[in-house]
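Asks: Each residue of the sequence shown is one higher than the one before, starting from 3 at the first, in the working numbering.
From the three backbone atoms N, C-alpha and C, an ideal C-beta is built for every residue, glycine too.
Please read all numbers here as calculations on a predicted model, not as lab measurements.
Sharing a structure, written as structure tokens. Questions coming.
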Amino acid sequence: MKPPVIIPAYQPGPELEKLVRALRSAPNREVIIVDDGSTNAAATLFETLGALPKVHILRHAANLGKGQALKTAFNYFLTKMPPEYPGVVTADADGQHLPEDIEQVSQALEKKPRALNLGIRTFKGTVPARSLVGNTLTRLVFSFFSGRALRDTQTGLRGIPRDFMKELLKVPPQGYEFELEMLLLAVRSRMEIKEIPIKTVYIGNNEHSHFNPLWDSLRIYFVFLRFAASSVISAVLDYAVFSAMYLFSANILVSITVARLLAGTLNFILGKNLVFRSRKELLPELLKYSALVAFLMLISYGLVTSIVIFLGINVYIAKLITETTLFLASFAAQDIFVFPHHEDEGGAAAPKPTDWDNYYAAPSAAARFTRKITERLFLGAINKYAARPVTHFCEPGGANSCFYSAITEAFPATQYTVMDTNRRGLDLLKGRCKYPEKLHLRQDDILAGSPPELNADVVFSAGLIEHFSPKQTARAIQAHFACARPGGLVAISFPTPTWLYTTIRKAAEILGVWIFHDERPLRVAAVRKEMARYGEILSSEINWKIGLTQGFITARASTAGNAAAALEPGEV
3 MKPPVIIPAY
13 QPGPELEKLV
23 RALRSAPNRE
33 VIIVDDGSTN
43 AAATLFETLG
53 ALPKVHILRH
63 AANLGKGQAL
73 KTAFNYFLTK
83 MPPEYPGVVT
93 ADADGQHLPE
103 DIEQVSQALE
113 KKPRALNLGI
123 RTFKGTVPAR
133 SLVGNTLTRL
143 VFSFFSGRAL
153 RDTQTGLRGI
163 PRDFMKELLK
173 VPPQGYEFEL
183 EMLLLAVRSR
193 MEIKEIPIKT
203 VYIGNNEHSH
213 FNPLWDSLRI
223 YFVFLRFAAS
233 SVISAVLDYA
243 VFSAMYLFSA
253 NILVSITVAR
263 LLAGTLNFIL
273 GKNLVFRSRK
283 ELLPELLKYS
293 ALVAFLMLIS
303 YGLVTSIVIF
313 LGINVYIAKL
323 ITETTLFLAS
333 FAAQDIFVFP
343 HHEDEGGAAA
353 PKPTDWDNYY
363 AAPSAAARFT
373 RKITERLFLG
383 AINKYAARPV
393 THFCEPGGAN
403 SCFYSAITEA
413 FPATQYTVMD
423 TNRRGLDLLK
433 GRCKYPEKLH
443 LRQDDILAGS
453 PPELNADVVF
463 SAGLIEHFSP
473 KQTARAIQAH
483 FACARPGGLV
493 AISFPTPTWL
503 YTTIRKAAEI
513 LGVWIFHDER
523 PLRVAAVRKE
533 MARYGEILSS
543 EINWKIGLTQ
553 GFITARASTA
563 GNAAAALEPG
573 EV
């Protein structure tokens, strides 16, 4: 069944009738129009539209705002219309959304009834300056605070799932900011968000829009402001109380404790009611927040004391440095652990693919540092478990390998095979290798078909298997063993969702510096279980040297020939 189309309207022009008649040309298309307190001048138009079959007119006695108009229509849909409808499509009354684009979003909702489907404008051609600047700024600020980049945060053309509408009825705002709250709620709920390109249409200079550039913009940016305000206010209070207490007591621990208790109480109240707007039970959240405060207080004490003792920095400056460092970590931890929103069964938001070309060309200092630690783990496992002689290494996903130099220095007589789909990374590795005659580069997809039977003595990878779907991850693990000789060593390093990994990632996403958008942290037990199907597990650990964020498992491939190829991979 085609989803109904909801159109909120205030003082509409002739574009509304034209749109409704075009929509009604589709068989069985229902249209819900909300008259948001229009004057008598629009009464004739609403009467004309209400006389059309399958057009429902809902009325507000006063102008309550676009958000309230949408919620009125949502409630009508949920209480009056058949449950077979997967959801609704919302469109604007000013002619910005073409019938064919509305149909595109409608079809997307039918295909993905648990996803939030957004009609994304391309902003090509003549676009009013206020619309272009406003959307660009909102898009950048939204990305900063939510960690999710969307190309059009102000689009009114949306395919909204039925179940999500029930949550949206509880969202307070009534004006244009309601649509922004909808996006934030979708991101926090881990909903899949589908972006559908549509045409950018403005009638005249968008004069029919009732968006007030000053007032409505302020209301929209207040949504973002509340995210930062509670943390900033609490941080200022924390620093002021600490400074006053230390002035009189000269005791760092006492000063931090009193300051954290007062500021933490305020931050909890603001966080629960203003920032995250949690409706869950008070006691469980209070207990989790208290544990977080205690943990951050110990870290703060340790950092302040260390900075004062070892660096000789003034205690007030040391406190300022420490709290600035912990600011984002505290916000991220509250979002993840204290006030988490439920995860939608539809799965995580569709991630942006990692830009491997740029990553291989200019790996970050953090990546080089963590790879050095992983390199030592690999060499330690090889020296401990690999049967001698070791003459052939294989690194799936190793374009521009961080490990090639160290391994070929430790094992100079070995052959080194790298399998990757990224041509640029392979070329970069080829250009810097010391032993080109021993380096074998294969632009192969480890997931495609049967992996080559390389009979490698050691097969290892880092940062590979977490970039696939559960089924593909299992397939990639199987391919590692298929590339190994019977009795060969297989070692895999991957991120695992410890609280520290989750907090670091959330903070990096807020800052906009996280680049592995499609990375899917994996449970160590799940990876170990899949690897055990193809060989004997030799070691399994969470690498504490990288802050307990990485799993590392080694196994010996089955000696019964190429047993890996005969098994059907599971899911990880």
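1. Taking only three categories from DSSP, how would you classify residue 405?
2. Over what stretch of residues does the alpha helix (DSSP H) that includes residue 479 continue unbroken?
3. Tell me whether residue 32 is buried or exposed, calling it buried when 16 or more other Cβ atoms sit within 10 Å of its Cβ.
4. Spatial neighbours of residue 454 within its chain, please: CB distance less than 6 Å, with the 5 preceding and 5 following residues excluded, ordered by chain position.
5. What residue ranges within the segment 521-556 form continuous alpha helix (DSSP H) runs of no fewer than 4 residues, ordered along the chain?
6. In chain order, what residues of the same chain have a beta carbon less than 7 Å from the beta carbon of residue 532, not counting five sequence neighbours either side?
7. Per DSSP, what kind of secondary structure is residue 186 in: helix, strand or coil?
8. Suppose you measure from the CA of residue 465 to the CA of residue 376; what does that come to, to the nearest Å?
9. Which residue comes first and which comes last in the beta strand (DSSP E) that contains residue 463?
10. Does the count of Cβ pairs from the segment 82-94 and the segment 153-162 closer than 8 Å reach three?
11. What are the partner residues of residue 91, as DSSP defines its beta bridges?
12. Going by DSSP, which residues form a beta bridge with residue 37?
13. Do residue 288 and residue 312 count as a contact pair if the criterion is CB distance below 8 Å?
14. Report all residues from its chain with a CB closer than 7 Å to the CB of residue 63; omit the five preceding and five following residues, and keep chain order.
15. Looking at the strands, I want to know which residues DSSP matches up with residue 122.
16. Quick one: what does DSSP say residue 418 is sitting in, helix, strand or coil?
17. What residues match up with residue 398 in a beta bridge as DSSP calls it?
18. With a CB to CB cut of under 6 Å and the five nearest residues on each side skipped, what residues in its chain are close to residue 266?
19. So is residue 422 buried or exposed if we call it buried at 16+ other beta carbons inside 10 Å?
20. So, at 7 Å on beta carbons, what are the nonlocal neighbours of residue 299 in its own chain, with the 5 sequence-adjacent residues on each side left out?
21. Assuming the contact rule is C-beta atoms closer than 8 Å, residue 490 and residue 460 should be a hit. Round their C-beta distance to whole Å, please.
22. According to the Cβ coordinates, are residue 575 and residue 468 closer than 8 Å?
23. Indicate the three-state DSSP secondary structure (helix, strand or coil) for residue 558 in the structure shown.
24. According to the Cβ coordinates, are residue 308 and residue 399 closer than 8 Å?
25. Pull up the DSSP beta-bridge partners for residue 442, would you.
26. Using the Cβ count rule (16 or more neighbours within 10 Å means buried), how would you classify residue 402?
27. Who pairs with residue 491 in a beta bridge, going by DSSP?
28. Whose CA, out of 336, 328, 340 and 264, lies closest to the CA of residue 283?
29. Around the Cβ of residue 5, are there at least 16 other Cβ atoms within 10 angstroms (buried) or fewer (exposed)?
30. Would you list the one or two residues that DSSP bridges to residue 497?
31. Do residue 493 and residue 389 have their C-beta atoms within less than 8 Å of each other?
32. Touching or not, the segment 164-180 and the segment 68-82, by the rule of three or more beta carbon pairs under 8 Å?
33. Suppose the cutoff is 6 Å on Cβ atoms and the five residues either side in sequence are ignored; what does the same chain contact list for residue 22 look like?
34. Out of 151, 145 and 194, point me to the one whose CA is closest to residue 166's CA.
35. Whole angstroms are fine: how far does the CA of residue 8 sit from the CA of residue 187?
36. Just reading off the alpha helix (DSSP H) that residue 299 is part of, what are its end residues?
Replies: Concretely, from the data shown:
1. coil
2. 472-485
3. buried
4. Once the five neighbours on either side are set aside, residue 454 has no close Cβ partner at all.
5. 526-533
6. Taken in chain order, the residues that qualify are 476, 479, 572 and 574.
7. helix
8. 10 Å
9. Residue 463: member of the beta strand (DSSP E) spanning 458-464, first to last residue.
10. yes
11. Note: residue 91 sits in a beta bridge opposite 7 and 161.
12. 11 and 61
13. Residue 312 places its beta carbon 8 Å or farther from that of residue 288.
14. 39
15. Residue pairing from DSSP places residue 122 in a beta bridge opposite 199.
16. DSSP, reduced to helix, strand and coil, places residue 418 within a strand of the structure shown.
17. For residue 398, which the question treats as bridged, DSSP gives the partners 421.
18. The beta carbon of residue 266 is closer than 6 Å to those of 295 in its chain, skipping five residues each way along the sequence.
19. buried
20. 258, 259 and 262
21. 7 Å
22. Outside the modelled stretch of the chain, which goes from 3 to 574, sits residue 575, for which no answer is possible.
23. strand
24. no
25. 419
26. buried
27. 460 and 558
28. Measuring C-alpha to C-alpha distances from residue 283 to each of 336, 328, 340 and 264 identifies 340 as the nearest.
29. buried
30. 552
31. no
32. yes
33. Same-chain partners within the cutoff: 33 and 51.
34. 194
35. 20 Å
36. 284-313
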